[in-house]
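Asks: Please read through the structure below; I'll follow up with questions.
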Amino acid sequence: MATTLDTVVIGGGAMGSATAWALSRQGRQVTLLEQFGPGHKIGASHGTTRNLNLGYSRPEYVAMLGETLKLWAELEQESGDKILDRTGMANHGPDPRFPDIAAALSQAGIRAKFLSPDEAKERWRGIRFDEKVLYMPDGGQLNPEKALPAFQRLAIANGSEVRHHTKVVDLQINEGSVRLTLESPSGSEVVTANQAVVTAGAWTEKVLGGALARTGARLPELRVTQEQPAHFRVVDEGATWPGFNHHRGFGDEYKYWYTPIYGMQTPGEGIKAGWHGVGPVVDPDRRSFLPEPVQLAALQEYARNWLPGVDADSLEAVSCTYTSTRTEDYILDRVGPVIIGAGFSGTGFKFVPVIGRILADLATGKQAAPEVFRLARLTV
Ligand SMILES: Cc1cc2nc3c(=O)[nH]c(=O)nc-3n(C[C@H](O)[C@H](O)[C@H](O)COP(=O)(O)OP(=O)(O)OC[C@H]3O[C@@H](n4cnc5c(N)ncnc54)[C@H](O)[C@@H]3O)c2cc1C
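Going by the working numbering, 387 is the number at position 342 of the sequence shown; the sequence numbering is gapless.
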């Protein structure tokens, strides 16, 4: 006899875990299903650092920044874990958006101020600063290895069930319910649920593509890439480090650049730096986990030129997946009994608790997602 559940969340990465927490806080009965074990390194939410970069000017994203700062603080309070290390963010380079970002943040009550490269160097001598520096002291690094277990632990404390090593191998969308076939070490089973939240990251197309097409709706193209930042060994032990984004300038000095650079200090591992969204397109179930050597060499050249506080020849590559839409806007929408959260690229972690709240509100019918995140907008 098939079991009937209330809300199933498919995918126990950052977004699924935050959604389970948000739903459980609203007293909903939640079952979180994750194909791999706790702390796995096969998706997009592993490791101990992600930048909480505040460098946004678009109103939908600035609104989410204000809420995310509040919700991360609530998660820390409820869990007793320190998840955000407020090192500040120092974005630099000739970024034409800086004035709009500074104006939008100050309007939202989020601190931001300009520093000269020399002033910034005074504070953070491990970085060579470029042209203009926008300093945002409320930013810093989030720790996924603390955040995901905290979300799940609190959801369980509120009555949710979290099942690792449980893979959804089939999803059928019916009128007002979904039918799921699960595979786990104890065999295969079929469950029915009133609704399902799909936060399957790089596997979203595999989990949902066919089922959605049968309803006449469709997913926008989701590009899954294997990204490869690297940790560089710190040589200047006394230096302190903000999170940073470095925007490309013009001229020969930037000719080897692929994209703007992001970076941060990962305690115990070094200074992480990476190109954004230029890794090879991959099938998440057939990845090499090996760095692409030409991009890695360019990253070393970047470190040699712009990060005097590290040894550019002593590095450890990291492998991780981005799932991106054409516009890099996220998908937050509902189709019948299915709620979709996907396309969080290399920028979604900072917004995790807000995205969890938006997906929970979609599941409880409390409110629709902002228009910018709707399927219809991304499938034109
Ligand atoms: C290298 C790198 C650097 C980044 N840096 C930043 C940063 O500095 N700041 C920032 O804000 N963001 C950053 N991000 C982005 C952020 O990490 C991601 O947007 C976020 O982690 C995505 O979470 P997710 O839950 O969508 O995906 P995942 O964490 O991949 O979760 C999806 C989960 O679904 C599970 N799943 C899939 N299919 C099934 C199935 N059939 N049955 C059961 N379970 C299933 C998977 O196993 C996986 O655990 C970075 C990402 C990468 C890769």
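Glycine included, each C-beta is placed from N, C-alpha and C at the ideal position. Note that this is a predicted model, so its numbers are computed, not measured.
#1: Using only the alpha-carbon positions, how far apart do valine 280 and glutamate 314 sit?
#2: Assuming contact is defined by CB atoms lying nearer than 7 Å, are glycine 381 and threonine 64 in contact in what I supplied?
#3: What do you reckon, are the CB atoms on valine 75 and serine 205 nearer than 7 Å?
#4: On the three-pair Cβ rule with 8 Å, is the region 46 to 58 touching the region 231 to 248?
#5: Can you name the residues that DSSP bridges to phenylalanine 159?
#6: Where DSSP assigns a beta bridge to histidine 291, which residues make up the other side?
#7: Please classify valine 363: does DSSP put it in a helix, a strand, or coil?
#8: Which residue wins for smallest C-alpha separation from proline 329, given the options Gly82, Gly88, Arg349 and Asp406?
#9: Only counting the same chain, and skipping five residues up and downstream in sequence, which positions put a Cβ closer than 8 Å to that of alanine 153?
#10: Going by DSSP in three states, leucine 110 sits in which element: helix, strand or coil?
#11: Can you tell me which of Ala192, Leu420, Lys317 and Val235 puts its alpha carbon nearest to the alpha carbon of glycine 58?
#12: Does isoleucine 316 come out as helix, strand or coil in the three-state DSSP assignment?
#13: Any heavy atom of ligand 1 closer than 6 Å to the CB of asparagine 290?
#14: By the DSSP assignment, the alpha helix (DSSP H) with arginine 198 in it spans what residues?
#15: Per DSSP, serine 8 is paired with what?
#16: Would proline 182 pass as a contact of glycine 125 if the rule is Cβ separation under 7 Å?
#17: Between the C-alpha atoms of valine 339 and proline 312, what's the straight-line distance to the nearest angstrom?
#18: Can you tell me which residues form a DSSP beta bridge with histidine 276?
#19: Quick one: complete beta strand (DSSP E) runs, 3+ long, within the region 51 to 95?
#20: To the nearest angstrom, how far is it from the Cα of alanine 387 to the Cα of alanine 147?
#21: Do you know whose CA, among Leu120, Trp169, Pro353 and Glu373, lies nearest tryptophan 471's CA?
#22: Return the first residue and the last residue of the alpha helix (DSSP H) that isoleucine 400 is part of.
#23: Please look up how many angstroms separate the CB atoms of lysine 212 and glutamine 80, rounded, as I've assumed it's under 8 Å.
#24: Are threonine 270 and valine 326 closer than 7 Å when you measure CB to CB?
#25: Please name the residue or residues paired with threonine 285 in a DSSP beta bridge.
#26: Pull up the CB-CB distance for tryptophan 302 and isoleucine 172, whole angstroms please, since I reckon it's below 8 Å.
#27: In angstroms, rounded to a whole number, what distance separates the CA positions of phenylalanine 418 and leucine 377?
#28: With DSSP run on the structure shown, which of helix, strand or coil describes threonine 392?
#29: From valine 336 to serine 364, what does the alpha carbon distance come to, in whole angstroms?
#30: Any contact between the region 387 to 399 and the region 88 to 99? By contact I mean 3 or more CB pairs, one from each, below 8 Å.
#31: Going by the CB atoms, is the gap between glycine 100 and asparagine 136 shorter than 7 Å?
#32: State the Cα-Cα distance for the pair serine 369 and glycine 185, rounded to the nearest angstrom.
#33: From glutamate 164 to proline 141, what does the alpha carbon distance come to, in whole angstroms?
#34: Can you give me the C-alpha to C-alpha distance between asparagine 188 and leucine 97, rounded to a whole angstrom?
#35: Please name the residue in Gln217, Ser233 and Ala357 whose C-alpha comes closest to that of glycine 255.
Replies: By the coordinates alone:
#1: By 1-based counting over the sequence shown, the position of residue 280 is 235. By 1-based counting over the sequence shown, the position of residue 314 is 269. Cα to Cα, valine 280 sits roughly 12 Å from glutamate 314.
#2: As a position in the sequence shown, residue 381 is number 336, starting the count at 1. As a position in the sequence shown, residue 64 is number 19, starting the count at 1. Not in contact: glycine 381 and threonine 64 (Cβ atoms no closer than 7 Å).
#3: Indexing the sequence shown from 1 puts residue 75 at position 30. Indexing the sequence shown from 1 puts residue 205 at position 160. Yes.
#4: By the criterion of at least three beta-carbon pairs nearer than 8 Å, the region 46 to 58 is in contact with the region 231 to 248.
#5: As a working mapping, residue 159 is identified with position 114 in the sequence shown. DSSP, once it has assigned bridges, lists Leu179 as partnering phenylalanine 159.
#6: Translated into positions along the sequence shown, residue 291 becomes position 246. The secondary-structure analysis by DSSP pairs histidine 291 across a beta bridge with His137 and Ile306.
#7: Walking along the sequence shown from the start, residue 363 turns up at place 318. In the three-state reduction of the DSSP assignment, valine 363 falls in the coil class.
#8: In the sequence shown, the residue the question calls residue 329 occupies position 284. Looking from the CA of proline 329, the closest CA among Gly82, Gly88, Arg349 and Asp406 belongs to Gly88.
#9: Here residue 153 refers to the residue found at position 108 of the sequence shown. The answer, listed in chain order, is Val107, Ala108, Leu110 and Gly111.
#10: Locating residue 110 in the sequence shown gives position 65, where the first residue counts as 1. Correct three-state label for leucine 110: helix.
#11: The residue given as residue 58 occupies position 13 in the sequence shown. Minimum Cα-Cα distance from glycine 58 among the listed residues Ala192, Leu420, Lys317 and Val235 corresponds to Ala192.
#12: Here residue 316 corresponds to residue number 271 of the sequence shown, with the count starting at 1. Strand, per DSSP.
#13: Within the sequence shown, the letter at position 245 stands for residue 290. Relative to ligand 1, even the nearest heavy atom lies 6 Å or more away from the CB of asparagine 290.
#14: For the purposes of this step, residue 198 is identified with residue 153 of the sequence shown, where counting begins at 1. Looking at the DSSP string, the run of the alpha helix (DSSP H) that includes arginine 198 is 189 to 202.
#15: What is shown of the chain runs 46 to 425, which leaves residue 8 out entirely.
#16: One-based indexing of the sequence shown puts residue 182 at position 137. One-based indexing of the sequence shown puts residue 125 at position 80. At the C-beta level, proline 182 and glycine 125 stay beyond 7 Å of one another.
#17: Working through the sequence shown from its first residue, we reach residue 339 at position 294. Working through the sequence shown from its first residue, we reach residue 312 at position 267. Near 27 Å, if we compare the C-alpha coordinates of proline 312 and valine 339.
#18: For the purposes of this step, residue 276 is identified with residue 231 of the sequence shown, where counting begins at 1. Residue pairing from DSSP places histidine 276 in a beta bridge opposite Lys317 and Glu361.
#19: Along the length of the region 51 to 95, whole beta strand (DSSP E) runs at least 3 residues long occupy 75 to 78, reported in chain order.
#20: For the purposes of this step, residue 387 is taken as the residue at position 342 of the sequence shown. For the purposes of this step, residue 147 is taken as the residue at position 102 of the sequence shown. Looking at the two C-alpha atoms, the distance is approximately 28 Å.
#21: Coverage of the chain is limited to positions 46 through 425, which leaves residue 471 absent and any answer about it impossible.
#22: As a first step, residue 400 must be located in the sequence shown, where it is residue number 355. Per DSSP, the unbroken alpha helix (DSSP H) holding isoleucine 400 starts and ends at 397 to 408.
#23: Looking up residue 212 in the sequence shown gives position 167. Looking up residue 80 in the sequence shown gives position 35. The beta-carbon distance between lysine 212 and glutamine 80, rounded to whole angstroms, is 4 Å. This is short enough to meet the 8 Å contact definition.
#24: Along the sequence shown, read from residue 1 onward, the residue named residue 270 stands at position 225. Along the sequence shown, read from residue 1 onward, the residue named residue 326 stands at position 281. Yes. Within cutoff.
#25: Taking the first residue of the sequence shown as position 1, residue 285 is located at position 240. Beta-bridge partners assigned by DSSP to threonine 285: none are found.
#26: By 1-based counting over the sequence shown, the position of residue 302 is 257. By 1-based counting over the sequence shown, the position of residue 172 is 127. With a Cβ gap of about 16 Å, tryptophan 302 and isoleucine 172 do not count as contacting.
#27: Counting from 1 along the sequence shown, the entry for residue 418 is found at position 373. Counting from 1 along the sequence shown, the entry for residue 377 is found at position 332. Distance from the CA atom of phenylalanine 418 to the CA atom of leucine 377, rounded to whole angstroms, is 5 Å.
#28: Your numbering for residue 392 matches position 347 in the sequence shown. Residue state, collapsed to three classes: coil.
#29: As a first step, residue 336 is located in the sequence shown; it is residue number 291 there, counting from the start. As a first step, residue 364 is located in the sequence shown; it is residue number 319 there, counting from the start. Residue 336 is actually proline in this sequence, not valine. So the two alpha carbons sit approximately 7 Å from each other.
#30: By the C-beta criterion, the region 387 to 399 is judged to be in contact with the region 88 to 99, since at least 3 inter-stretch pairs fall below 8 Å.
#31: Locating residue 136 in the sequence shown gives position 91, counting from the first residue. Locating residue 100 in the sequence shown gives position 55, counting from the first residue. In contact: asparagine 136 and glycine 100 (Cβ atoms closer than 7 Å).
#32: Locating residue 369 in the sequence shown gives position 324, where the first residue counts as 1. Locating residue 185 in the sequence shown gives position 140, where the first residue counts as 1. Linking serine 369 to glycine 185 through their CA atoms gives a straight-line distance of about 23 Å.
#33: Translated into the one-based positions of the sequence shown, residue 164 becomes position 119. Translated into the one-based positions of the sequence shown, residue 141 becomes position 96. Cα to Cα, the separation comes out at about 20 Å.
#34: Counted from its first residue, the sequence shown places residue 188 at position 143. Counted from its first residue, the sequence shown places residue 97 at position 52. So the alpha carbons of these two residues sit roughly 10 Å apart.
#35: Here residue 255 is taken as the residue at index 210 of the sequence shown, counted from 1. Distances from the alpha-carbon of glycine 255 to those of Gln217, Ser233 and Ala357 put Gln217 closest.
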